[in-house]
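Asks: Taken in order, the sequence shown gives residues 7 to 233; the numbers are from this note's numbering.
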Amino acid sequence: MTAETHAAAAASAAVTGHFGEWLQGRLGPDGPVALVTVPCARFAATVRRRSGDGVSLGPRLRQVIDAASARAFLRAARADATGTFELQTAAAGGRGAGMSTAALLAFARAAGARAGPEALARACVAAEGASDPLMHPSPERLLWASRLGEVLDRTPPLPVFELVGGFFGAPEPTDPTDARFPDISDLAARWRAAAGQGDRAALAAVAAASARRTTALRGPRDDPMPD
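Structure below.
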């Protein structure tokens, strides 16, 4: 398939983000930062491509990745389409909705990426230092090492949930060097067991315990979400 065919077939690409995490923490005091994501179709990043020579990034996409990093990212993603790439997102960055990872993946797909999920994960980590597992078809079934871009475990399918939530506080982009998270080794084991049983109450209890540990360690002290 030629670069022109790739470009014509992927003039627009959208990738859905997420709504925070069911679990987030470290697997042991010195273990990797790990999470289980909450996919959310309401939040998506869309990249549209206009024809042109070379690769040009629109202003919003330049906030996610610079030109030099974009070239390396596209090579890693095995993407070869050219043009001007414009980004639109359904949520602001830094709000815990996975918009940076979704934007990178939409950029890759709009540019005709041929890399598989593992290579895309490595490309995202190289570009932004951390990544959500949105390149995988069922990201909520993964225990994901977000700073490594690696799958640590896979769980059975989760039951259907209806979630009520919102955004609180100022935007806070992910710091990939930040590893100040609570140990969730025990919660990860409980999560797997509850997922295997399809036990929504048990899964919700594990997610709540994870949130309490994170808030106790990191704040904010005035978090109204539990109420």
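C-beta: ideal position from N, C-alpha, C; glycine also.
Can you name the start and end residues of the alpha helix (DSSP H) that Ala116 belongs to?
Replies: In the sequence shown, counting from the first residue as 1, residue 116 sits at position 110. Element bounds for Ala116: Met105 to Ala116.
Asks: Assuming contact is defined by CB atoms lying nearer than 8 angstroms, are Asp189 and Gly34 in contact in what I supplied?
Replies: Locating residue 189 in the sequence shown gives position 183, where the first residue counts as 1. Locating residue 34 in the sequence shown gives position 28, where the first residue counts as 1. For Asp189 and Gly34, yes; Cβs fall inside 8 angstroms.
Asks: So, at 7 angstroms on beta carbons, what are the nonlocal neighbours of Arg224 in its own chain, with the 5 sequence-adjacent residues on each side left out?
Replies: Sequence index remark: in the sequence shown, residue 224 carries index 218 (1-based). Arg186.
Asks: Looking at Ala119: is its Cβ nearer than 8 angstroms to the Cβ of Ala83?
Replies: If you number the sequence shown from 1, residue 119 lands on position 113. If you number the sequence shown from 1, residue 83 lands on position 77. Contact: yes.
Asks: Could you check the C-alpha separation between Glu10 and Ser18 for me, to the nearest Å?
Replies: Position 4 of the sequence shown holds residue 10. Position 12 of the sequence shown holds residue 18. Note on Glu10: pLDDT 41, under 50, position unreliable in the model; the coordinate value appears next. Spanning the two alpha carbons is a distance of roughly 14 angstroms.
Asks: Cβ of Thr88 within 8 angstroms of Cβ of Val61?
Replies: Your numbering for residue 88 matches position 82 in the sequence shown. Your numbering for residue 61 matches position 55 in the sequence shown. Their beta carbons are under 8 angstroms apart, which means Thr88 touches Val61 by this criterion.
Asks: Do Ala40 and Leu158 have their beta-carbon atoms positioned less than 8 angstroms apart in this structure?
Replies: Position 152 of the sequence shown, counted from the first residue, corresponds to residue 158. Position 34 of the sequence shown, counted from the first residue, corresponds to residue 40. In this structure, Ala40 lies closer than 8 angstroms to Leu158 by Cβ.
Asks: Can you tell me which of the three DSSP states Phe91 falls into?
Replies: Sequence index remark: in the sequence shown, residue 91 carries index 85 (1-based). DSSP places Phe91 in strand when its eight states are reduced to three.
Asks: Could you check which residue in Arg160, Arg227, Asp228 and Thr183 has the C-alpha nearest to that of Ala195?
Replies: Start at 1 with the first residue of the sequence shown, and residue 195 comes out as number 189. Among Arg160, Arg227, Asp228 and Thr183, the Cα nearest to that of Ala195 belongs to Arg160.
Asks: Should the segment 137 to 145 be regarded as contacting the segment 105 to 124, the criterion being three or more beta carbon pairs within less than 8 angstroms?
Replies: They touch, by the three-pair rule.
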